[in-house]
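See below for the structure under consideration.
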Amino acid sequence: MTTPDIAARRALGACAALMVGALTLTACGGSAKADNDDGKGGKGSPKTSTATIAISAKDGSTGASINATGVKVSDGKLTDVKMTVAGSGQTVPGAISGDGHNWKPKERLERGTKYQISATAKDAEGRTAAANSIFTTVTSANSFIGTYTPDNGTTVGVGMPVSFTFDKSITDKKAVQSHITVNTTSGQQVVGHWFGDRRLDFRPQEYWKAGSKVTMDINLDGVQGAQGVYGVQKKTVSFTVGRSQVSTVDVHTQTMTVVRDGQTVKTVPISAGSPQHTTYNGQMVISEKFVQTRMNGSTVGFGGEYDIPDVPHAMRLTSSGTFIHGNYWFNKGNPPFGREGTSHGCVGLADVQGAQGATSAKWFFDNSLVGDVVIVKNSPDTTVAPDNGLNGWNMSWSAWTAGSAA
Numbered sequence: 057m058t059t060p061d062i063a064a065r066r067a068l069g070a071c072a073a074l075m076v077g078a079l080t081l082t083a084c085g086g087s088a089k090a091d092n093d094d095g096k097g098g099k100g101s102p103k104t105s106t107a108t109i110a111i112s113a114k115d116g117s118t119g120a121s122i123n124a125t126g127v128k129v130s131d132g133k134l135t136d137v138k139m140t141v142a143g144s145g146q147t148v149p150g151a152i153s154g155d156g157h158n159w160k161p162k163e164r165l166e167r168g169t170k171y172q173i174s175a176t177a178k179d180a181e182g183r184t185a186a187a188n189s190i191f192t193t194v195t196s197a198n199s200f201i202g203t204y205t206p207d208n209g210t211t212v213g214v215g216m217p218v219s220f221t222f223d224k225s226i227t228d229k230k231a232v233q234s235h236i237t238v239n240t241t242s243g244q245q246v247v248g249h250w251f252g253d254r255r256l257d258f259r260p261q262e263y264w265k266a267g268s269k270v271t272m273d274i275n276l277d278g279v280q281g282a283q284g285v286y287g288v289q290k291k292t293v294s295f296t297v298g299r300s301q302v303s304t305v306d307v308h309t310q311t312m313t314v315v316r317d318g319q320t321v322k323t324v325p326i327s328a329g330s331p332q333h334t335t336y337n338g339q340m341v342i343s344e345k346f347v348q349t350r351m352n353g354s355t356v357g358f359g360g361e362y363d364i365p366d367v368p369h370a371m372r373l374t375s376s377g378t379f380i381h382g383n384y385w386f387n388k389g390n391p392p393f394g395r396e397g398t399s400h401g402c403v404g405l406a407d408v409q410g411a412q413g414a415t416s417a418k419w420f421f422d423n424s425l426v427g428d429v430v431i432v433k434n435s436p437d438t439t440v441a442p443d444n445g446l447n448g449w450n451m452s453w454s455a456w457t458a459g460s461a462a
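Numbering-wise, the sequence shown is residues 57 to 462 according to the numbering used here.
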C-alpha cells in the first residue's frame with residue numbers, strides 16, 4: 057500500500073530524473089542556435105576552422121630530414137610560421153609561398169639539431185587553425201653527405217668527371233648510385249664507377265662534347281647507404297662544358313702541344329720529371345688552379361728536398377702531388393725547358409717569381425680550365441692510377457662500366 061508521503065517522494069524523484077536527463081541532453085547536444093551558428097550569424101557552418109595544417113616533421117620525431125622539412129595547409133592559407141632552434145630560440149628564416157599554401161626554411165637545416173615549428177592558418181571564413189611540432193633532425197652519426205665536383209654554374213673542360221666523395225662508407229652502392237642521375241644535352245651515355253666504398257665518379261665513354269650542359273640530380277635524402285646511415289642531400293646541380301682543350305706533354309722532346317677544338321694553338325717547352333723522379337704517363341685532368349701556392353716536399357714523401365712558398369701558376373693533376381706549374385728557380389745560365397727533365401715529377405714551365413710576367417706558364421694558366429686534359433707520354437714512369445686525381449680516363453670503358461653498381 058502506497059502512502060501519500062511515499063507517492064509524493066516518488067513523483068519528486070521522477071521529476072528530478074527527467075530534469076537531469078534534460079540537462080544532460082542540453083550539455084551534449086548544445087542549443088539549436090549553437091548547432092547552426094558559425095559565430096558570425098551564418099547558419100549551417102561548423103564552429104571550427106576547416107584549414108588543416110601539416111608539418112612534415114612529426115612532433116617528437118627524430119631523424120627528420122634537413123632538406124624536406126616544411127609546412128603545408130589545405131582548405132586555407134598560412135598566416136604565420138615561426139621556426140626556432142629549440143632551447144636557444146634562434147630564429148630559422150623561412151618564407152610562405154605566394155599562394156599561402158606552403159612554408160619552407162630558406163636554408164638547409166643542421167644535422168642533429170632540435171627545432172620547433174609553430175604555424176597558424178585561416179580558412180575562407182577567417183577562422184584560425186594552429187599546429188606545433190618539436191623534432192630533431194637526423195644526426196651526423198646516422199647520415200652521410202657526398203662532397204661533389206664540379207660546382208653548380210661552373211664552366212669546365214671536356215675531361216671533368218662528376219665526382220662524389222662520401223663521408224661514410226657506403227655498403228648499399230646500388231641504392232646510392234641509383235639516386236644520382238647525370239645527364240648531358242649531348243646525349244652521351246653517362247655511367248658511374250665506384251673507387252672503393254666512399255668515392256663514386258661519373259663520365260661518358262669519351263670526353264664530354266664541347267658546349268654541352270650536364271645536369272646531376274642528387275636525390276639521396278632518406279636513402280639508406282649503410283646500416284642505420286641515411287642520405288640527407290636533395291638538389292640539382294648543372295655545369296657547362298667549355299671549349300675542348302687537350303694538351304700533350306712529350307717527355308722525349310720536353311715539349312707540350314696545346315690543341316683547342318682540334319687545332320694546335322701553341323707548342324710550349326717544358327721540363328718534366330728528372331730521371332730520379334719521373335712524371336706519370338697518362339691522361340690527367342686539371343682539378344685545381346692556384347695563382348701561387350706553397351710546395352713542400354715533405355708532404356709528398358720527399359723529405360726536406362724542397363719547400364717553395366710561392367710556386368706560380370700551379371694546376372693540380374693528381375691527388376698525390378703532380379702539378380703543371382711555373383718555375384722561376386731554374387738555372388738562368390742553363391734553362392732546362394725543352395731540353396731536360398729536372399723536376400720531382402711535375403711538369404714545369406718557364407716563369408718569374410710573383411706570377412706577374414708574360415711567361416709561358418702564365419699563358420697556359422690563363423688559357424686553361426679546371427677539367428682540361430693534360431696527357432703525358434714517353435715517360436719512363438708508369439701510367440697514373442685512375443683514382444689518383446680525377447683521372448678515370450685511364451681506364452677502359454669496359455672496366456669503367458664494370459665498376460658500376462646500378
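The beta-carbon is built from N, C-alpha and C at its ideal position, and this holds for glycine as well.
Since we're looking at a predicted model, the values are computed, not measured.
Open item on the list: Could you pull the DSSP bridge partners for Tyr336 from this structure?
Closed with: Taking the first residue of the sequence shown as position 1, residue 336 is located at position 280. None; Tyr336 has no bridge partner.
Task: Separation of Thr147 from Phe420, as counted between CA atoms - done: Translated into the one-based positions of the sequence shown, residue 420 becomes position 364. Translated into the one-based positions of the sequence shown, residue 147 becomes position 91. Cα to Cα, the separation comes out at about 49 Å.
- [ ] May I ask you to list the residues that DSSP assigns as paired with Gln280?
- [x] Here residue 280 is taken as the residue at index 224 of the sequence shown, counted from 1. DSSP output for Gln280 lists Tyr286 as bridge partner(s).
Task: 6 Å Cβ shell around Gly202 - same chain, five flanking residues per side excluded - done: Within the sequence shown, the letter at position 146 stands for residue 202. Phe220, Phe222.
TODO: Using the DSSP secondary-structure output, state which residues sit across from Gly252 in a beta bridge.
DONE: Residue mapping note: residue 252 aligns to position 196 of the sequence shown, counting from 1. Bridge partners of Gly252: none, in fact.
- [ ] Identify the continuous beta strand (DSSP E) that holds Ser416 and give its terminal residues.
- [x] What you label residue 416 is simply residue 360 of the sequence shown in a count that begins at 1. Where Ser416 is concerned, there is no enclosing beta strand (DSSP E), although the alpha helix (DSSP H) it sits in stretches over 416-422.
TODO: Determine, using beta carbons only, whether Thr304 and Val430 come nearer to each other than 9 Å.
DONE: Locating residue 304 in the sequence shown gives position 248, where the first residue counts as 1. Locating residue 430 in the sequence shown gives position 374, where the first residue counts as 1. Cβ distance < 9 Å, so Thr304 and Val430 count as in contact.
Task: DSSP state of Gly98 mapped onto helix, strand, coil - done: For the purposes of this step, residue 98 is identified with residue 42 of the sequence shown, where counting begins at 1. Confidence in Gly98 is poor, its pLDDT being 47 and thus under 50, which makes the residue's placement too unreliable to answer from.
Open item on the list: Measuring CB atoms only, is the stretch 406-417 touching the stretch 436-455, in the sense that at least three cross pairs come out at less than 8 Å?
Closed with: no
TODO: Have a look at Asp91 and Lys103 and give me their C-alpha separation to the nearest angstrom.
DONE: On the sequence shown, position 35 is the one that residue 91 refers to. On the sequence shown, position 47 is the one that residue 103 refers to. Since pLDDT at Asp91 reaches only 35, below the 50 mark, its modelled position is unreliable, and the value read off the structure follows with that caveat. Roughly 9 Å separates the two Cα atoms.
- [ ] Enumerate, from N- to C-terminal direction, the unbroken alpha helix (DSSP H) stretches of 4 or more residues contained entirely within the stretch 362-445.
- [x] 416-422
Task: Buried versus exposed, by CB contacts within 10 Å (16 or more), Lys114 - done: On the sequence shown, residue 114 is found 58 positions in, with the first residue counted as 1. It counts as exposed.
Open item on the list: Check this for me: beta carbons of Gly368 and Gln348, under 9 Å apart or not?
Closed with: One-based indexing of the sequence shown puts residue 368 at position 312. One-based indexing of the sequence shown puts residue 348 at position 292. The residue asked about is misnamed: residue 368 is Pro in this sequence, not Gly. The answer is yes: Cβ separation under 9 Å.
Task: Nonlocal neighbours in the same chain, by C-beta distance under 6 Å from Val293, ignoring five residues either side - done: The residue given as residue 293 occupies position 237 in the sequence shown. Excluding positions up to five away in sequence, the list reads Asn208, Met272.
Task: Own chain, CB closer than 6 Å to Ser242, minus 5 neighbours either side, in chain order - done: Here residue 242 refers to the residue found at position 186 when the sequence shown is read from its first residue. Here the set comprises Lys265, Ser268.
Open item on the list: On the DSSP letters alone, give me the boundaries of the beta strand (DSSP E) that Lys345 sits inside.
Closed with: Walking along the sequence shown from the start, residue 345 turns up at place 289. Segment 344-352, the beta strand (DSSP E) holding Lys345.
Task: C-alpha distance - Val212 paired with Gln261, whole-angstrom precision - done: Start at 1 with the first residue of the sequence shown, and residue 212 comes out as number 156. Start at 1 with the first residue of the sequence shown, and residue 261 comes out as number 205. Approximately 17 Å between the Cα atoms of the pair.
Task: Sufficient close CB pairs (3 or more, under 8 Å) joining the stretch 387-394 to the stretch 171-188 - done: no
- [ ] Give me the Cβ distance between Gln52 and Asp428, rounded to the nearest whole Å; I'm assuming they're in contact under 8 Å.
- [x] Since the first residue of the chain shown is 57 and the last is 462, residue 52 is not available in this structure.
Task: Enclosing beta strand (DSSP E) for Gln319 [first to last residue] - done: By one-based count along the sequence shown, residue 319 stands at place 263. First-last of the beta strand (DSSP E) with Gln319: 319-325.
Task: Sequence-distant residues of the same chain with beta carbon closer than 6 Å to Gly215, five excluded per side - done: On the sequence shown, residue 215 is found 159 positions in, with the first residue counted as 1. The answer, listed in chain order, is Tyr263, Val341, Gly427, Val429.
Open item on the list: Quick check on the DSSP output: the beta strand (DSSP E) that includes Val238 runs from which residue to which?
Closed with: As a working mapping, residue 238 is identified with position 182 in the sequence shown. Looking at the DSSP string, the run of the beta strand (DSSP E) that includes Val238 is 236-240.
TODO: Could you tell me the distance, in whole angstroms, from the CA atom of His235 to the CA atom of Lys291?
DONE: Counting from 1 along the sequence shown, the entry for residue 235 is found at position 179. Counting from 1 along the sequence shown, the entry for residue 291 is found at position 235. Each residue's Cα considered, the two are about 11 Å apart.
Task: Own chain residues within Cβ distance below 6 Å of Ala186, not counting five before or after - done: Residue mapping note: residue 186 aligns to position 130 of the sequence shown, counting from 1. Around Ala186: Thr176.
Task: Alpha-carbon spacing of Gly15 relative to Phe386, whole angstroms - done: Outside the shown range of the chain (57 to 462) lies residue 15, about which nothing can therefore be said.
- [ ] Would you give the residue range spanned by the alpha helix (DSSP H) that Trp449 belongs to?
- [x] Start at 1 with the first residue of the sequence shown, and residue 449 comes out as number 393. Taken as a continuous stretch (DSSP letters only), Trp449 belongs to no alpha helix (DSSP H), as it is neither H nor E.
Task: Residue from Ile152, Leu425, Thr320, Gly382 whose Cα sits closest to the Cα of Thr415 - done: Taking the first residue of the sequence shown as 1, we reach residue 415 at position 359. Comparing Cα-Cα distances from Thr415 to each of Ile152, Leu425, Thr320, Gly382, the minimum goes to Gly382.
- [ ] Count the other C-beta atoms from every protein chain shown that fall within 10 angstroms of the C-beta of Asp136, then say buried if there are 16 or more, exposed otherwise.
- [x] Position 80 of the sequence shown holds residue 136. The residue in question, Asp136, is exposed, as its Cβ has fewer than 16 Cβ neighbours within 10 Å.
Task: Gly476 versus Lys170 - alpha carbon distance - done: Here the chain covers residues 57 to 462 and nothing more, so residue 476 does not appear.
Task: Per-residue DSSP class, three states only, for Ser454 - done: Residue mapping note: residue 454 aligns to position 398 of the sequence shown, counting from 1. Three-state DSSP puts Ser454 in a helix.
Open item on the list: Would Ile226 and Asp253 qualify as a contact pair, given that the criterion is a beta-carbon distance under 9 Å?
Closed with: Taking the sequence shown and counting its residues from 1, the one referred to as residue 226 is at position 170. Taking the sequence shown and counting its residues from 1, the one referred to as residue 253 is at position 197. The answer is yes: Cβ separation under 9 Å.
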